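Numbering (my numbering), first residue to last: 57 to 372.
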Amino acid sequence: MTTLENATIGDDTVRTFTKDGRRPPWMEKPGPVTQGLKFVVLAFAVAVVLIPFWSVVATSLADQKTINDAGGGMVMWPGSGANLDSYAAVLSGGVVTRAVVVSIAVTVVGTLLSLAATAGLAYWLSRPGARGAKPVLMLVLGAVLFSPGLIPSYLVVKEFHLLDSWWSLILPVLVNAFNVIVMRAFFQELPKELFESAAIDGVGAGTILLRIVLPLSKAVLAVIGLFYAVAYWNAFFNALLYIQSSDKWPMALVLRTYVVNQTTIGGDQVGGAEALPPQLPLQMAILVIAIVPILLVYPFLQRHFAKGVMIGAVKG
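Encoded structure:
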């Protein structure tokens with residue numbers, strides 16, 4: 057059996073070398089064959105993601121001749137007739153343009169309210185000795201395991217007169233129990249001395265949360281905020297249940313109607329245009345518009361994401 061020598065770094069003990077001076081097998085630098093295999097696997101994974109997305113973009117730019125030459129389906133290159141007519145059509149007015157505005161408003165307002173509610177609840181549950189925190193924590197844990205069901209949720213929304221209202225897309229999903237637990241775990245890892253010194257100075261709980269806790273919690277706020285934003289942007293089921301007016305549809309419901317269900321896009325859906333581009337490029341343009349906003353947001357949060365996803369994974 058291989059015996060490892062221990063090296064102490066600070067308070068941590070790290071196994072580094074065997075007694076004969078060699079590194080353990082899992083710490084050896086991979087050889088050329090292993091590195092080549094890793095490169096092939098990663099390149100394949102990147103291609104699996106990028107090629108379908110590129111095909112969607114290329115099809116949204118293609119004209120009818122290019123699509124006909126490809127057999128009437130998706131294309132990998134828009135051809136010499138590439139144009140932005142599909143994007144101009146879907147953004148010229150009508151249900152698609154309104155849906156983009158609705159989705160942006162619901163996502164921004166919903167994410168901010170959800171972050172505020174989640175941070176406040178998680179901070180309360182993270183404080184030792186907080187009055188009533190234990191029963192509420194059990195309710196939060198129960199919400200992770202059990203769902204209220206479709207009919208009770210619909211009846212609650214109806215009783216609060218939220219049907220056919222944009223608030224029905226926000227309030228029923230305002231707080232996610234799993235996100236509360238993750239944020240609570242992060243708050244519990246903050247140094248206790250900060251809270252003790254603030255309490256000695258007579259600072260209230262609200263001020264501690266706003267001026268001490270939240271500035272130190274940018275990583276978890278960025279990650280949880282991204283989770284909420286993606287959920288609000290992609291949610292269509294609540295809109296399908298609660299929204300009856302097509303002028304209040306979010307982008308996800310438009311995407312489901314005209315791309316997934318293959319409903320024909322007419323002039324009244326795209327601002328009353330008479331001469332419309334082909335249906336397939338129109339559908340792919342809607343798909344690109346539904347995807348791009350989240351792709352644009354992610355790079356700004358990436359530096360926090362790696363740290364935030366590790367919250368609660370390591371204790372100590």
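Cβ coordinates follow ideal geometry from the N, Cα and C atoms, glycine included.
On a predicted model such as this, the values are computed, not experimentally measured, just so you know.
### Segment limits, alpha helix (DSSP H) that includes Met-239
Position 183 of the sequence shown, counting from 1, holds the residue named residue 239. From DSSP, the alpha helix (DSSP H) with Met-239 extends over 233–244.
### Query
On the premise that Tyr-284 lies in contact with Thr-167, defined as a C-beta separation below 8 Å, what is that separation, rounded to the nearest angstrom?
Your numbering for residue 167 matches position 111 in the sequence shown. Your numbering for residue 284 matches position 228 in the sequence shown. Their Cβ separation, rounded to whole angstroms, is 5 Å, which keeps Thr-167 and Tyr-284 in contact under 8 Å.
### Message
Quick check on Leu-357: does DSSP put it in helix, strand or coil?
### Response
Reading the sequence shown from its first residue, position 301 is the one you call residue 357. In the structure shown, Leu-357 sits in a helix (DSSP, three-state: H, G or I).
### Task
Enumerate in chain order the residues of its own chain whose CB-to-CB distance from Leu-147 is below 6 Å, with the five nearest sequence positions on each side excluded.
The residue labelled residue 147 in the question sits at position 91 within the sequence shown. Counting only Cβ-Cβ distances below 6 Å, and skipping sequence neighbours, we find Thr-153.
### Query
Are Ala-173 and Trp-180 touching if we call contact CB-CB under 8 Å?
Here the question's residue 173 lines up with position 117 in the sequence shown. Here the question's residue 180 lines up with position 124 in the sequence shown. In this structure, Trp-180 does not lie closer than 8 Å to Ala-173 by Cβ.
### Query
What number of angstroms, rounded off, separates the C-alpha of Ala-138 from the C-alpha of Asp-125?
Taking the sequence shown and counting its residues from 1, one reaches residue 138 at position 82. Taking the sequence shown and counting its residues from 1, one reaches residue 125 at position 69. Their Cα atoms are separated by approximately 14 Å.
### Query
For Val-158, which option in Ala-241, Ser-170, Lys-304 and Gln-339 has the closest C-alpha, if you only look at C-alpha atoms?
By 1-based counting over the sequence shown, the position of residue 158 is 102. Considering only alpha carbons, the answer is Lys-304.
### Message
Once the 5 residues before and after Val-162 are set aside, which same chain residues still bring their CB inside 7 Å of it?
### Response
Along the sequence shown, one-based indexing puts residue 162 at 106. Around Val-162: Trp-222, Leu-225, Ile-226, Tyr-288 and Pro-306.
### Task
Go ahead and label Ala-103 buried or exposed: buried means 16 or more other beta carbons lie within 10 angstroms of its beta carbon, across all protein chains shown.
On the sequence shown, residue 103 is found 47 positions in, with the first residue counted as 1. Per the 10 Å Cβ criterion, exposed.
#### Entry: Separation of Glu-249 from Lys-214, as counted between CA atoms
Taking the sequence shown and counting its residues from 1, the one referred to as residue 214 is at position 158. Taking the sequence shown and counting its residues from 1, the one referred to as residue 249 is at position 193. Rounded to whole angstroms, Lys-214 to Glu-249 spans 47 Å at the Cα level.
### Query
What's the call for Arg-267, buried or exposed, on a 16-neighbour Cβ count within 10 Å?
To locate residue 267, count along the sequence shown from 1; it is residue 211. Exposed.
#### Entry: Distance between Ala-308 and Asn-290 (C-alpha atoms, nearest Å)
In the sequence shown, residue 290 corresponds to position 234, counting from 1. In the sequence shown, residue 308 corresponds to position 252, counting from 1. So the two alpha carbons sit approximately 5 Å from each other.
### Query
Going by beta carbon distance, what residues of the same chain come within less than 7 Å of Val-315, once the five residues before and after it are set aside?
As a working note, residue 315 is residue 259 in the sequence shown. Correct list, in chain order: Gln-339, Ile-342 and Leu-343.
### Message
According to DSSP, simplified to helix, strand and coil, what is Ala-189?
### Response
Working through the sequence shown from its first residue, we reach residue 189 at position 133. Of the three classes helix, strand and coil, the one that applies to Ala-189 here is helix, per DSSP.
### Task
Please classify Asn-317: is it buried, with 16 or more other beta-carbons within 10 angstroms of its beta-carbon, or exposed?
Locating residue 317 in the sequence shown gives position 261, counting from the first residue. Under this definition Asn-317 is an exposed residue.
### Message
So, for Gly-176: in the same chain, excluding its five sequence neighbours on each side, which residues have a beta-carbon less than 8 Å away from its beta-carbon?
### Response
Against the sequence shown, residue 176 aligns to sequence position 120. For Gly-176, where only same-chain residues beyond five positions count, the Cβ hits under 8 Å are Leu-265.
#### Entry: Opening and closing residue of the alpha helix (DSSP H) in which Gly-260 lies
Within the sequence shown, the letter at position 204 stands for residue 260. Premise fails: Gly-260 is in no alpha helix (DSSP H) and is neither H nor E.
### Query
Hey, would you say the C-beta of Val-105 is under 7 Å away from at least one heavy atom of the ligand GTP?
Ligands are entirely absent from the displayed structure, and the ligand GTP is therefore not among its contents.
### Query
Looking only at its own chain, which residues have a Cβ that is under 7 Å from the Cβ of Gly-66, when we skip the five neighbours before and after it?
What you label residue 66 is simply residue 10 of the sequence shown in a count that begins at 1. Note that Gly-66 scores a pLDDT of 43, beneath 50, so its modelled location is shaky and nothing firm can be said.
#### Entry: Supposed close pair Ala-114, Pro-134 - CB separation, criterion 8 Å
Within the sequence shown, the letter at position 58 stands for residue 114. Within the sequence shown, the letter at position 78 stands for residue 134. Between Pro-134 and Ala-114 the Cβ distance is about 5 Å, and since that is below 8 Å, they are a contact.
### Query
According to DSSP, is Ala-126 helix, strand or coil?
In the sequence shown, counting from the first residue as 1, residue 126 sits at position 70. Coil at Ala-126, not helix or strand.
### Task
Consult DSSP for Val-102 and reduce its assignment to one of helix, strand or coil.
Along the sequence shown, one-based indexing puts residue 102 at 46. Residue state, collapsed to three classes: helix.
### Message
Classify Met-239: buried if its beta carbon has 16 or more other beta carbons within 10 angstroms, exposed otherwise.
### Response
Taking the first residue of the sequence shown as position 1, residue 239 is located at position 183. Burial call: buried.
### Assigned secondary structure, Pro-228 (DSSP; H/G/I helix, E/B strand, else coil)
Locating residue 228 in the sequence shown gives position 172, counting from the first residue. Helix, per DSSP.
#### Entry: Contact set for Pro-300: own chain, Cβ-Cβ below 6 Å, skip 5 residues either direction
The count along the sequence shown starts at 1 and reaches residue 300 at position 244. It should be noted that the sequence gives Gln, not Pro, for residue 300. Once the five neighbours on either side are set aside, the close Cβ partners of Gln-300 are Asp-220.
### DSSP three-state assignment for Lys-121, whether helix, strand or coil
Indexing the sequence shown from 1 puts residue 121 at position 65. Three-state DSSP puts Lys-121 in a helix.
### Query
If you draw a straight line from the alpha carbon of Leu-352 to that of Val-164, how long is it in whole angstroms?
Residue numbering aside, residue 352 sits at position 296 when the sequence shown is read from its first letter. Residue numbering aside, residue 164 sits at position 108 when the sequence shown is read from its first letter. Their backbone Cα atoms lie some 14 Å apart in a straight line.
### Message
Classify Asp-257: buried if its beta carbon has 16 or more other beta carbons within 10 angstroms, exposed otherwise.
### Response
Reading the sequence shown from its first residue, position 201 is the one you call residue 257. Flag for Asp-257 reads exposed.
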